[in-house]
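Enquirer: Residue numbers (the numbering used here): 88 to 157. C-beta atoms are modelled at their ideal positions from N, C-alpha and C, and glycine is treated no differently. I am attaching a structure below and will ask some questions about it afterwards.
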Amino acid sequence: MLPLREIDLFGIYVSPVALCIAAALPLSLLLRRVLDRTAINRFVSNRALIDLCMLVGIGSLLVLSLRLGA
Numbered sequence: 088m089l090p091l092r093e094i095d096l097f098g099i100y101v102s103p104v105a106l107c108i109a110a111a112l113p114l115s116l117l118l119r120r121v122l123d124r125t126a127i128n129r130f131v132s133n134r135a136l137i138d139l140c141m142l143v144g145i146g147s148l149l150v151l152s153l154r155l156g157a
């Protein structure tokens with residue numbers, strides 16, 4: 088298990104969770120495009136809420152993968 092410590096980026100300490108959310112943003116945008124092309128959005132009532140849930144879910148999975156050392 089890796090400890091979640093701050094990362095030094097050019098003298099600025101950044102939380103690894105913030106970096107995971109920044110990495111999750113392009114992944115969630117890619118998943119959003121896939122869902123647009125497959126027309127799954129017909130079954131979604133609140134698109135913004137689903138987008139936020141995808142971002143938080145992907146970010147959480149990235150944090151867990153860091154924590155478990157995968």
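In the DSSP output, which residue or residues are listed as bridge partners for Ile94?
Expert: Its beta-bridge partners are Val101.
Enquirer: So, are the CB atoms of Ala111 and Leu142 less than 9 angstroms apart?
Expert: For Ala111 and Leu142, yes; Cβs fall inside 9 angstroms.
Enquirer: Is Ala109 helix, strand or coil when you go by DSSP?
Expert: The answer is helix: DSSP assigns Ala109 an H, G or I state.
Enquirer: Suppose you measure from the CA of Glu93 to the CA of Thr125; what does that come to, to the nearest Å?
Expert: When rounded, the distance between both Cα atoms is 39 angstroms.
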